[in-house]
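Numbering (the working numbering), first residue to last: 2 to 329. Worksheet: the structure to be examined is printed underneath.
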């Protein structure tokens with residue numbers, strides 16, 4: 002059967018139209034074989050977003066940008082419509098965000114919400130603005146740049162101060178100080194070298210002392226234990242009763258001293274009566290005279306005569322002064 006030219010032309014035209022429609026839909030991000038739900042979001046600025054840019058959820062591409070047009074004549078917002086090519090449940094409180102990488106490529110990211118209700122074809126998803134990569138980098142670098150500027154300003158001020166300080170006179174003073182420090186360090190080295198032997202002996206003595214302590218650590222511990230025991234005994238003792246006894250004794254001593262200082266009683270009269278003191282002194286002197294005379298003239302008081310007459314002696318004289326410190 003022979004096909005006419007008109008049939009051939011009609012078939013080719015139909016095929017061309019189908020190919021044109023499929024290509025147009027492909028360029029629009031639409032697919033004839035996949036899910037094609039269309040969702041919209043309104044942005045104040047699309048930051049260079051273009052048709053057919055990818056749509057991501059958690060890094061997975063789930064669709065493409067379908068179309069973009071202004072919200073009104075005042076351009077108060079731009080409506081971005083994207084088509085979903087995967088069967089994914091998207092909560093209706095999810096948020097659409099435009100992302101830009103460092104190379105300038107843009108994409109749309111959907112941050113999933115927590116709602117149990119999901120969006121349907123033709124719904125509008127809320128949107129939010131996100132800073133671009135370069136803006137974030139700039140904002141991150143601004144504090145560092147400010148710190149660098151402050152540091153450079155501080156260094157500049159320090160250099161100016163050093164320039165003002167390091168004049169010829171100041172340099173001479175610094176050189177003198179350095180020379181003095183050098184001389185002092187040399188003197189210290191000589192002093193340390195001269196005293197090294199003494200330092201060695203001191204270290205040896207310290208080692209010997211620590212060794213002694215180490216060897217007698219048991220005794221030291223015992224002594225400390227005894228001290229703790231003693232202090233514990235003192236702390237546990239009846240201190241109040243002891244203090245009362247001391248107070249009572251002091252009271253009695255004070256009463257005794259009061260009695261002695263008064264003229265009542267023998268001891269008080271002996272200490273306070275001047276006449277009695279003088280009479281006792283005279284009596285003691287007379288007794289001393291008598292004893293001294295007995296020593297010098299014993300025959301006057303004891304007479305033993307076997308032959309001859311009794312020898313006469315002179316009167317009793319004043320006692321001989323006897324110094325007891327010089328012996329007999």
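Ideal Cβ positions, reconstructed from N, Cα and C, are used throughout, including at glycine. Keep in mind that this is a model prediction, so the values were computed, not measured.
- Taking each of 301, 16 and 85 in turn and checking the Cα distance to residue 126, the smallest one comes out for 85.
- For the pair residue 61 and residue 112, the Cα-to-Cα distance works out to about 12 Å.
- Under the three-state reduction of DSSP, residue 130 is assigned to coil, being neither helix nor strand.
- Here the alpha carbon of residue 21 sits roughly 59 Å from the alpha carbon of residue 148.
- Beta-bridge analysis with DSSP links residue 55 to 65.
- Exclusion of the five residues before and after residue 245 leaves no residue of its chain whose Cβ lies closer than 6 Å to its Cβ.
- DSSP places residue 205 in the uninterrupted alpha helix (DSSP H) bounded by 197 to 216.
- For residue 80, the three-state secondary structure derived from DSSP is strand.
- Per DSSP, reduced to three states, the secondary structure at residue 142 is helical.
- Here the alpha carbons of residue 50 and residue 64 stand approximately 14 Å from one another.
- Going by DSSP, residue 100 is part of the beta strand (DSSP E) stretching over 96 to 101.
- Buried is the label assigned to residue 97, since at least 16 other Cβ atoms lie within 10 Å of its Cβ.
- Take residue 295, set aside five residues on each side of it, and the residues of its chain with a beta-carbon closer than 7 Å to its own are 302, in chain order.
- For residue 92, the three-state secondary structure derived from DSSP is strand.
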